[in-house]
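Take a look at the structure set out below.
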Amino acid sequence: MFMRGYLFLALGILSLLSGQVSAADPSAWLPKEVNAVVRINSADLFQTPLAKKEGWVKKSAESFIEQESFIPPGTNQIVVGAELDLSDNLIARRKYSILVPDAGMSLEKLSPWLPGGIETLAGKKSAQFGNDGYVVDAGDGCWLTTSSASRQLMSRWLKNGPMPGGAHLSPYLRSAPKTSPNSAQVVMAIDLQDNFSAGPILDELKNTGWFSNDFSAKNASEILESIHGATLSFTVGTERTGNIVIDFGRDATSLKPIIEKLVAGVMSRLGASSDDIDGWKWTIKEGKVTGAGSVSPGGIRQVLSLMDPPSITHAISASAAPTEATPEDKMAKTTLKYCKSVQVLLDDLRSTLNKSKDNQALYFERYGRKVDDLPKLNVDPAMLDFGLRISSSLRYQGQTERMHKINAGTRKEQTYSSYASNAYYGNVGPYNSGWNSYSSVEGPAVIGAEENQASKAVRFSEWKQIEDGLVAIRRAMTEKYKIEF
Numbered sequence: 493m494f495m496r497g498y499l500f501l502a503l504g505i506l507s508l509l510s511g512q513v514s515a516a517d518p519s520a521w522l523p524k525e526v527n528a529v530v531r532i533n534s535a536d537l538f539q540t541p542l543a544k545k546e547g548w549v550k551k552s553a554e555s556f557i558e559q560e561s562f563i564p565p566g567t568n569q570i571v572v573g574a575e576l577d578l579s580d581n582l583i584a585r586r587k588y589s590i591l592v593p594d595a596g597m598s599l600e601k602l603s604p605w606l607p608g609g610i611e612t613l614a615g616k617k618s619a620q621f622g623n624d625g626y627v628v629d630a631g632d633g634c635w636l637t638t639s640s641a642s643r644q645l646m647s648r649w650l651k652n653g654p655m656p657g658g659a660h661l662s663p664y665l666r667s668a669p670k671t672s673p674n675s676a677q678v679v680m681a682i683d684l685q686d687n688f689s690a691g692p693i694l695d696e697l698k699n700t701g702w703f704s705n706d707f708s709a710k711n712a713s714e715i716l717e718s719i720h721g722a723t724l725s726f727t728v729g730t731e732r733t734g735n736i737v738i739d740f741g742r743d744a745t746s747l748k749p750i751i752e753k754l755v756a757g758v759m760s761r762l763g764a765s766s767d768d769i770d771g772w773k774w775t776i777k778e779g780k781v782t783g784a785g786s787v788s789p790g791g792i793r794q795v796l797s798l799m800d801p802p803s804i805t806h807a808i809s810a811s812a813a814p815t816e817a818t819p820e821d822k823m824a825k826t827t828l829k830y831c832k833s834v835q836v837l838l839d840d841l842r843s844t845l846n847k848s849k850d851n852q853a854l855y856f857e858r859y860g861r862k863v864d865d866l867p868k869l870n871v872d873p874a875m876l877d878f879g880l881r882i883s884s885s886l887r888y889q890g891q892t893e894r895m896h897k898i899n900a901g902t903r904k905e906q907t908y909s910s911y912a913s914n915a916y917y918g919n920v921g922p923y924n925s926g927w928n929s930y931s932s933v934e935g936p937a938v939i940g941a942e943e944n945q946a947s948k949a950v951r952f953s954e955w956k957q958i959e960d961g962l963v964a965i966r967r968a969m970t971e972k973y974k975i976e977f
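Adding 492 to a residue's 1-based position in the sequence shown gives its number in the working numbering.
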């Protein structure tokens with residue numbers, strides 16, 4: 493349990509309040525229940541030398557999701573808060589997003605993407621969007637959104653109002669900005685205090701082979717139990733860099749010999765292995781463990797996949813773009829953006845699966861949701877059908893991964909012993925029954941290999957269909973719209 497939630501502290505544990513508080517501080521709207529927050533100063537990102545050099549704005553106009561532009565233009569700031577289940581791969585039980593859109597943006601301008609139209613909720617303009625989302629203009633420059641289309645939830649959130657300075661948040665989340673570089677445009681933090689018990693941690697550490705004696709393992713478990721939280725920040729200038737600070741309630745110096753193994757082990761268990769973080773340099777000073785290093789293209793977006801900005805940001809970006817085009821041209825360009833976005837997601841998933849051998853079901857399901865969340869307005873119906881087949885295939889592969897792991901675990905736990913009855917006549921009675929016990933030749937390694945092979949067979953078949961389908965749909969769309977897909 494420890495190595496599940498504990499390890500994501502190394503990968504993407506998100507924070508909040510870097511940057512200055514504007515007239516409308518989006519973090520003030522975060523509900524007190526959240527234990528993780530990510531803040532993105534998106535306006536600053538698109539003005540960085542690297543973003544200009546690589547043409548992030550142009551690329552975002554060509555694709556809803558681009559390899560490096562992990563958020564679309566059109567918003568000044570995005571804050572996402574979540575109630576993460578720290579015992580289950582950091583899955584968000586509920587997610588809240590607060591957007592600060594560019595000046596002049598309004599829900600009326602988004603009306604083509606809001607099929608239910610604009611309504612009034614608690615005196616504020618609101619609307620449903622996407623598959624299951626809701627957005628409310630709070631009237632102070634902030635838009636409140638959730639991935640759950642519940643009017644009651646939104647109404648209560650709105651009526652509770654903002655809390656200046658995020659005073660209702662945990663002490664760790666309030667203090668997290670102080671540990672991040674002032675120039676960081678992306679900050680993620682998670683509050684981990686009182687989540688882990690030394691006993692279960694010790695049991696897992698003893699099985700790692702990292703310690704020469706139980707005393708050392710016990711000392712490490714007590715340090716890990718005292719964790720307060722972790723903050724991960726990204727800075728984009730002429731290059732991409734990352735920084736992570738893990739805060740403990742006691743001196744963590746004795747963790748130095750195992751810190752790299754600890755981080756790698758936790759991230760692997762969570763299915764969040766990262767070549768970037770694997771190469772970072774680590775230092776320990778009293779109760780702070782700090783890691784820093786470079787970040788590869790797409791690395792920030794991979795981390796943010798844990799707490800994606802809401803899909804309505806794509807509609808905001810699209811609505812701000814010029815609209816001087818015929819309906820056919822508009823559909824052609826939007827369909828091309830959709831197609832490119834699907835390809836980016838598939839390439840991203842393939843790369844992630846090659847790097848991470850654990851918890852791959854989580855990635856299949858996560859990327860299936862990403863495909864589902866792509867904007868659908870003005871996209872060719874045939875392309876939308878293809879996208880639906882893609883997301884269904886990814887969810888199916890995720891379910892298959894989970895089932896094969898469950899099957900392997902069940903088979904390994906079973907006692908492979910059965911009995912055969914041999915009836916015979918003996919010297920002392922007319923009948924005697926003897927039982928011969930024998931053990932199955934299936935060992936854990938054989939079972940694991942069999943289930944893994946079955947999972948690979950499903951994946952091979954599904955990915956072949958995906959690749960064949962992608963070739964076919966690109967050919968069909970190219971012929972239909974006379975532009976290269």
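The beta-carbon is built from N, C-alpha and C at its ideal position, and this holds for glycine as well.
Close beta carbons around residue i, own chain, < 7 Å, minus the five adjacent residues each side
{"i": "Phe878", "result": "Gly961 and Ile965"}
{"i": "Gly779", "result": "Asp739, Phe740, Gly741, Arg742, Asp743 and Ala744"}
{"i": "Glu575", "result": "Glu525, Val526, Asn527, Ala584, Arg585 and Arg586"}
{"i": "Glu893", "result": "Gln852, Ala853, Phe856 and Ser947"}
{"i": "Arg951", "result": "Gln889"}
{"i": "Pro673", "result": "Ser725, Thr727 and Asn735"}
Pairwise C-alpha distance: residue j and residue i
{"i": "Asp695", "j": "Thr638", "result": "39 Å"}
{"i": "Asp800", "j": "Lys972", "result": "33 Å"}
{"i": "Ile693", "j": "Glu714", "result": "8 Å"}
{"i": "Lys550", "j": "Leu747", "result": "45 Å"}
{"i": "Gly691", "j": "Ala712", "result": "11 Å"}
{"i": "Gln835", "j": "Ser843", "result": "12 Å"}
{"i": "Phe856", "j": "Ile583", "result": "14 Å"}
{"i": "Gly978", "j": "Lys974", "result": "Past the edges of the chain, shown from 493 to 977, lies residue 978, and the structure says nothing about it."}
{"i": "Val627", "j": "Asp577", "result": "24 Å"}
{"i": "Ile751", "j": "Leu716", "result": "11 Å"}
{"i": "Glu546", "j": "Val530", "result": "24 Å"}
{"i": "Trp605", "j": "Ser579", "result": "36 Å"}
{"i": "Ser909", "j": "Thr733", "result": "Note that Ser909 scores 42 on pLDDT, short of 50, meaning its location in the model is unreliable and no value can be drawn from it."}
{"i": "Pro656", "j": "Asp629", "result": "18 Å"}
{"i": "Gly625", "j": "Ala619", "result": "9 Å"}
{"i": "Trp837", "j": "Trp548", "result": "The sequence given here places Leu at residue 837; Trp does not occur at that position. Each residue's Cα considered, the two are about 17 Å apart."}
{"i": "Lys667", "j": "Lys825", "result": "Looking at the sequence provided, one finds Ser at residue 667 rather than Lys. For Ser667 and Lys825, the distance between alpha carbons rounds to 45 Å."}
Cβ-based burial, residue i [other Cβ within 10 Å; buried from 16]
{"i": "Val963", "result": "exposed"}
{"i": "Ser883", "result": "buried"}
{"i": "Asn735", "result": "buried"}
{"i": "Lys587", "result": "buried"}
{"i": "Leu880", "result": "exposed"}
{"i": "Gly566", "result": "buried"}
{"i": "Ser480", "result": "Here the chain covers residues 493 to 977 and nothing more, so residue 480 does not appear."}
{"i": "Arg967", "result": "exposed"}
{"i": "Ala709", "result": "buried"}
{"i": "Gln852", "result": "buried"}
{"i": "Asp840", "result": "buried"}
{"i": "Lys868", "result": "buried"}
{"i": "Phe621", "result": "buried"}
{"i": "Asp465", "result": "This structure cannot settle anything about residue 465, because the visible part of the chain is limited to 493 through 977."}
{"i": "Thr730", "result": "exposed"}
{"i": "Ser689", "result": "exposed"}
{"i": "Ala543", "result": "buried"}
{"i": "Ala949", "result": "exposed"}
Cβ-Cβ separation, residue j to residue i (assumed contact under 8 Å), whole Å
{"i": "Ala681", "j": "Leu665", "result": "6 Å"}
{"i": "Asp768", "j": "Gly757", "result": "Incorrect: roughly 17 Å between the Cβ atoms, too far for contact."}
{"i": "Asp872", "j": "Thr827", "result": "4 Å"}
{"i": "Ala520", "j": "Gly658", "result": "6 Å"}
{"i": "Val592", "j": "Cys634", "result": "6 Å"}
{"i": "Leu636", "j": "Lys617", "result": "Not a contact, Cβ separation roughly 11 Å."}
Residues near residue i in its chain [Cβ-Cβ closer than 8 Å; skip 5 each side]
{"i": "Thr782", "result": "Asn735, Ile736, Val737, Ile738, Trp774, Thr775 and Ile776"}
{"i": "Gly771", "result": "Gly785 and Ser786"}
{"i": "Met875", "result": "Thr827, Tyr830, Cys831, Ile965 and Met969"}
Same chain, Cβ closer than 6 Å to residue i, neighbours up to 5 away in sequence not counted
{"i": "Ile719", "result": "Leu684 and Phe740"}
{"i": "Asp536", "result": "Gln677"}
{"i": "Gly791", "result": "Asp768"}
Proximity test, residue i beta-carbon vs the ligand NAP heavy atom, cut-off 8 Å
{"i": "Phe707", "result": "Among the ligands in the structure shown, none appear at all, so the ligand NAP cannot be discussed."}
Fill in: Segment contact flag, the region 604-616 with the region 565-573, C-beta cutoff 8 Å, min 3 pairs
no
Practice prompt. Tell me, please, whether the region 878-888 touches the region 853-867 by the rule of three or more beta-carbon pairs shorter than 8 Å.
Written response: yes
Worksheet item: Would the region 736-748 and the region 691-706 be scored as touching if the rule is three or more Cβ pairs under 8 Å?
Response: no
Discussion item. If contact is defined by three or more beta carbon pairs under 8 Å, each pair taking one atom from either stretch, is the region 781-795 in contact with the region 723-736?
Written reply: yes
Item to complete: Evaluate the contact criterion for the region 679-690 versus the region 644-656: three or more CB pairs, one atom per stretch, below 8 Å.
Response: no
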